[in-house]
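Step one of this worksheet: look at the structure below.
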């Protein structure tokens, strides 16, 4: 099958450091190539892949200080995709809704994996207009705010089985991996560590948008002798960081679409202690791969229980549910059903109720 994978340009594929979406794109792309498919990857020029790479920017945008207008290379990427659309049996987008006005008028089968949160009010009028675009959710919880759009499947993320090494012995510290931002709640993780009397290692990036939050609310908490801030880490450092931990703390406070770090920890045999937000109850098997809690006190107790979980059992459940081979099979089923279904028709332009109302309420005069 001739497949196009269209990745965001903010990180390379795979990312050099932090980056969930681009990492999943990498795993899926390489597995499809391994299975013998003809794959073209549209991504930044510093990506590394066995697929055919089409790049409209030399470097990932987040690390390219010379790029002032980040929308421009994304527009060039879409131009390249649709210029080659006739070459593919299916086009798989991972760039949110940026391409909708173009892909909605294509006859080539296409699907979009939505990787972000969907509970924002501004998205409703957008998806009312583009409600026929085929989409995939990465958890059932993610799709709950927009149940009426054209869902093709829910496909949980997967990892290569050899990406992370499982460890047999429980570690002596707690781990937090991700971003320092209000919704990720590293402050909760610090308080859990205090209650449990265990060291906490924090491997997290600080985006420019979150720097003020970090300085105002988090920086002083990092002075605790139990806390070690190690900064942003790369993929090659994750196995040791997660594998040597007693448990991963995932105390999120937002509708988490998936939470890739949870299955990365499971791949290392490390259990997860998490809040029941978004996808978490779908990903964590209670009492097998970790515990879902609703308070700091419950989390501290869960840490003690997590230390007793067989790490071999955590790894076994990861292999059963979250392998890249399973993820690729799930996507192949979606590709095939799109190819075998009725031919896509170019969608007509729709007038949105909101702007019709606004227009009708105004008197237009010209001079």
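Numbering (this note's numbering), first residue to last: 1 to 367.
All residues carry an ideal CB built from backbone N, CA and C; glycine is no exception.
Note that this is a predicted model, so its numbers are computed, not measured.
Euclidean distance between Cα positions of residue i and residue j
{"i": "residue 203", "j": "residue 242", "result": "10 Å"}
{"i": "residue 125", "j": "residue 162", "result": "43 Å"}
{"i": "residue 330", "j": "residue 200", "result": "36 Å"}
{"i": "residue 192", "j": "residue 316", "result": "27 Å"}
{"i": "residue 34", "j": "residue 156", "result": "20 Å"}
{"i": "residue 188", "j": "residue 227", "result": "12 Å"}
{"i": "residue 123", "j": "residue 170", "result": "43 Å"}
{"i": "residue 333", "j": "residue 263", "result": "23 Å"}
{"i": "residue 65", "j": "residue 239", "result": "30 Å"}
{"i": "residue 16", "j": "residue 10", "result": "11 Å"}
Under 8 Å between C-beta atoms of residue i and residue j
{"i": "residue 159", "j": "residue 137", "result": "no"}
{"i": "residue 311", "j": "residue 168", "result": "yes"}
{"i": "residue 43", "j": "residue 90", "result": "no"}
{"i": "residue 131", "j": "residue 154", "result": "no"}
{"i": "residue 142", "j": "residue 20", "result": "no"}
{"i": "residue 218", "j": "residue 186", "result": "yes"}
{"i": "residue 179", "j": "residue 207", "result": "yes"}
{"i": "residue 150", "j": "residue 135", "result": "yes"}
{"i": "residue 213", "j": "residue 182", "result": "yes"}
Burial state of residue i, where buried means 16 or more other Cβ atoms lie within 10 Å
{"i": "residue 327", "result": "buried"}
{"i": "residue 253", "result": "exposed"}
{"i": "residue 256", "result": "buried"}
{"i": "residue 197", "result": "exposed"}
{"i": "residue 120", "result": "exposed"}
{"i": "residue 274", "result": "buried"}
{"i": "residue 225", "result": "exposed"}
{"i": "residue 266", "result": "buried"}
{"i": "residue 86", "result": "exposed"}
{"i": "residue 49", "result": "buried"}
{"i": "residue 7", "result": "buried"}
Nearest-angstrom Cβ-Cβ length linking residue i and residue j, presumed shorter than 8 Å
{"i": "residue 98", "j": "residue 78", "result": "7 Å"}
{"i": "residue 307", "j": "residue 270", "result": "That pair is no contact at about 11 Å."}
{"i": "residue 272", "j": "residue 250", "result": "6 Å"}
{"i": "residue 74", "j": "residue 111", "result": "In fact, because the Cβ distance is near 19 Å, the residues do not count as touching under 8 Å."}
### Three CB pairs or more closer than 8 Å across the stretch 45-57 and the stretch 90-97
no
Review point. Do the stretch 313-328 and the stretch 21-31 touch if we need at least three Cβ pairs shorter than 8 Å?
Key: yes
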